[in-house]
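Residues in the sequence shown are numbered from 383 upward in steps of one, following the working numbering. Virtual Cβ for every residue (Gly too), placed ideally from N, Cα, C. Computed from a predicted structure; not experimentally measured.
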Amino acid sequence: MHPKTPITVIRTVLCLLVSGALFAGCSLAPRTSVPESVSELPGDFAESLADGPHEPVEWWHAFADPALNTVVDSVLVSNFDLAAGVARVQQARARARMVRAAYFPAIQVSGGVNDFDSPTNAGIGAQIQELGLGGDQSDFPIPFTLPDRLALTTYTLSADFAYELDFWGRVRNDALAAGAEHLASESDFHAARIGILSETITTYFEIADLRRQTALAREMVDVLLEQEQLALTRYDRGLAGSFYLYRVRQELRNAQAGLPQLESLLAGAEGRLSVLLGGYRPDMEAILPDALTPSPAADPVPAGVPADLLLQRPDVIAAGQRLDAARYAIGARRAQLLPTFSFSGSIGLQSTEVDGLFNVDQWFRNLIGNLTAPVIQGGRLRNNVALAHARFDEMAAAYGRTVVTAVNEVEAALAGLENATRRHAFLRSRLEEAQASAALKSQRYASGIDSYMDYLNVLLTRLNVESALAGAERDLALARLAVHRALGGAWTAPDSPDAPRMTSAQPVSNREDR
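Shown next, in the form of structure tokens:
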């Protein structure tokens with residue numbers, strides 16, 4: 383029988399690793415299932431406005447507002463919540479990689495020096511003497527005398543390894559569960575990103591509306607001040623009673639009292655936008671122009687938006703990934719009920735002299751195989767399986783709730799957008815009529831037919847309609863934003879073949895066990 387060489391030992395170890403890889407991978411994870419309400423999604427939504435392809439783009443560009451685009455781009459770069467979200471994704475990625483490390487054997491290199499020095503009458507020396515193997519009276523065939531002290535220095539250079547055969551797929555399922563959690567964290571980040579951008583856009587339109595409302599309120603105050611002077615003159619001349627003067631002054635005071643409230647709301651909105659931008663008010667003022675002219679025009683929402691587009695919503699994707707993670711966790715916990723196969727060992731060089739560490743004849747090896755099976759665990763392992771099943775049921779219910787909520791959010795958002803569009807159209811027509819009436823009143827006043835007070839009354843009416851229309855434009859923009867948020871993006875025709883596209887997310891019920 384030929385002695386084993388280091389090369390032979392290395393080949394033996396490699397064969398064990400390959401055999402472990404071939405026999406590993408049996409999966410005990412169940413096939414997934416989702417609530418019936420998810421598998422029976424409607425074909426499309428009840429509300430739809432226009433025909434068109436369903437291709438996602440940078441959806442905030444649909445508002446056709448360069449100032450808004452600048453604000454959003456700045457938020458994407460400097461927002462602290464987005465930075466924290468990126469860090470959370472990186473943490474999840476690192477955790478997934480840590481779990482996947484169990485796929486591979488743990489190998490470490492070590493070097494050591496063992497310096498042994500002991501008196502002969504103690505320890506191993508005393509044991510030798512008790513056995514009668516040392517001294518002049520020794521029964522050993524070749525008499526020898528023990529020295530006063532026993533000393534030995536050993537130098538070791540070795541590679542140690544340990545590996546568990548993943549025969550039942552525990553490591554594989556744990557790795558898949560961690561990978562699914564990582565993907566879920568990425569989807570959480572995208573959902574948070576949509577939420578932060580929605581808050582940014584909402585605040586932007588609030589600022590634009592409040593600035594417009596403040597300007598209109600100041601114009602109304604100016605008109606009412608003129609009315610007050612005219613009413614006071616008529617009162618002094620006995621042409622009008624005190625009741626008329628008091629009524630004009632009450633309208634003036636109401637308008638004046640509304641100005642501080644508008645200015646306070648505007649300051650609060652600008653402060654919120656500063657926080658979203660990750661800076662202070664001067665930083666916000668440097669980005670946001672003084673004159674904001676958001677356009678109510680926007681790309682129409684496609685008709686018959688298919689309901690399966692909801693499966694691209696980040697929160698739906700995250701819920702599906704967590705359902706997958708819970709399914710894989712069941713397989714991993716089931717595998718813990720079964721025996722584990724592992725082996726460990728070391729190979730290296732050992733010598734009493736440093737120079738001997740470079741002599742291949744000084745090699746050594748140590749291989750250990752283990753078969754371990756749980757016998758009595760007090761129900762811990764089985765309750766771990768029950769816990770994993772309960773977690774899976776929880777994630778299935780959460781996935782169903784997320785999908786049903788998403789469908790209803792889209793239905794409500796589409797209905798809200800249609801109603802906001804109709805209201806905006808009515809107020810636009812009313813403003814055109816108010817402008818025509820004011821122009822006619824101005825001509826009649828210039829011709830001496832009507833009084834200046836009549837003209838001021840019509841002018842106030844026009845300003846009130848302008849204020850209502852400004853609010854309707856804000857509501858229309860926010861209704862459009864609600865559709866974007868409900869759909870998780872926009873589905874309009876891209877301007878070029880290079881326009882970004884969102885990858886489709888397959889329903890969890892259609893996923894195969896990997």
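query, result
"Residues near Asp-832 in its chain [Cβ-Cβ closer than 7 Å; skip 5 each side]", "Lys-823 and Arg-826"
"Burial state of Glu-848 (16 or more Cβ within 10 Å)", "buried"
"Residues sharing a beta bridge with Ser-489, DSSP", "In the sequence on display, residue 489 carries Ile and not Ser. Beta-bridge pairing links Ile-489 to Phe-543."
"Under 8 Å between C-beta atoms of His-773 and Ala-708", "The sequence shown places Arg at residue 773, rather than the His named in the question. For Arg-773 and Ala-708, yes; Cβs fall inside 8 Å."
"Buried versus exposed call for Asn-461 [16 or more other C-beta atoms within 10 Å across all chains shown]", "buried"
"Neighbour-count burial assignment, Gly-760, 16 or more Cβ in a 10 Å radius", "exposed"
"For Ile-712, the three-state DSSP class (helix, strand or coil)", "helix"
"Buried/exposed call for Thr-584, threshold 16 Cβ in 10 Å", "buried"
"Close-in-space but distant-in-sequence residues of the same chain around Glu-776 (CB under 8 Å, 5 per side omitted)", "Ala-708"
"Short Cβ contact (8 Å threshold) for Val-767 with Arg-716", "yes"
"Beta strand (DSSP E) segment containing Gly-751, residue limits", "745-754"
"One or two residues paired with Gly-730 in a DSSP bridge", "Ser-540 and Phe-746"
"Cα-Cα separation, Phe-427 to Leu-627", "At Phe-427, the pLDDT of 45 sits below 50, so the modelled position is not reliable; the number obtained from the coordinates is stated separately. Each residue's alpha carbon lies about 56 Å from the other."
"Gly-620 - DSSP class collapsed to helix/strand/coil", "coil"
"Cutoff 7 Å; reference Leu-539; Cβ partners in own chain excluding five residues on either side", "Gly-493, Gly-730, Leu-731 and Leu-739"
"First through last residue of the alpha helix (DSSP H) which encompasses Ile-669", "663-669"
"Cβ pair Leu-670, Thr-596 closer than 8 Å", "no"
"Own chain partners of Arg-704 with C-beta closer than 8 Å, once the 5 adjacent residues on each side are dropped", "Ala-562, Glu-563, Ala-566, Met-777, Ala-780 and Tyr-781"
"Cutoff 8 Å; reference Leu-719; Cβ partners in own chain excluding five residues on either side", "Pro-756, Leu-763, Arg-764 and Val-767"
"Met-676 - DSSP class collapsed to helix/strand/coil", "Here the sequence assigns Pro to residue 676, which means Met is not the residue at that position. Of the three classes helix, strand and coil, the one that applies to Pro-676 here is coil, per DSSP."
"Separation of Ala-821 from Gly-830, as counted between CA atoms", "14 Å"
"Val-736 versus Ser-726: straight-line alpha-carbon distance, rounded", "26 Å"
"Three-state secondary structure assigned by DSSP to Pro-412", "coil"
"For Ala-544 and Ala-714, the rounded distance between their alpha carbons", "20 Å"
"Leu-534 in three-state terms, based on DSSP", "strand"
"Reduced DSSP secondary structure (H/G/I, E/B, other) of Gly-660", "coil"
"Simplified DSSP state of Val-495, which is helix, strand or coil", "strand"
"Limits of the unbroken alpha helix (DSSP H) element including Gly-782", "762-828"
"Gln-490 versus Ala-859, Ser-728, Ala-816 and Thr-843, residue with shortest Cα-Cα distance", "Ser-728"
"As assigned by DSSP and simplified to three states, the class of Ser-833", "coil"
"Own chain partners of Phe-571 with C-beta closer than 6 Å, once the 5 adjacent residues on each side are dropped", "Gly-467 and Val-471"
"Pro-721 - DSSP class collapsed to helix/strand/coil", "coil"
"Proximal residues to Asp-665 (C-beta, below 7 Å), its chain only, five neighbours per side dropped", "Ser-656 and Leu-659"
"Opening and closing residue of the alpha helix (DSSP H) in which Ala-446 lies", "Per DSSP, Ala-446 belongs to no alpha helix (DSSP H) and is neither H nor E."
"Contact the segment 576-591 vs the segment 445-456: 3+ CB pairs below 8 Å", "yes"
"Meets three-Cβ-pair contact criterion under 8 Å: the segment 471-489 and the segment 607-624", "no"
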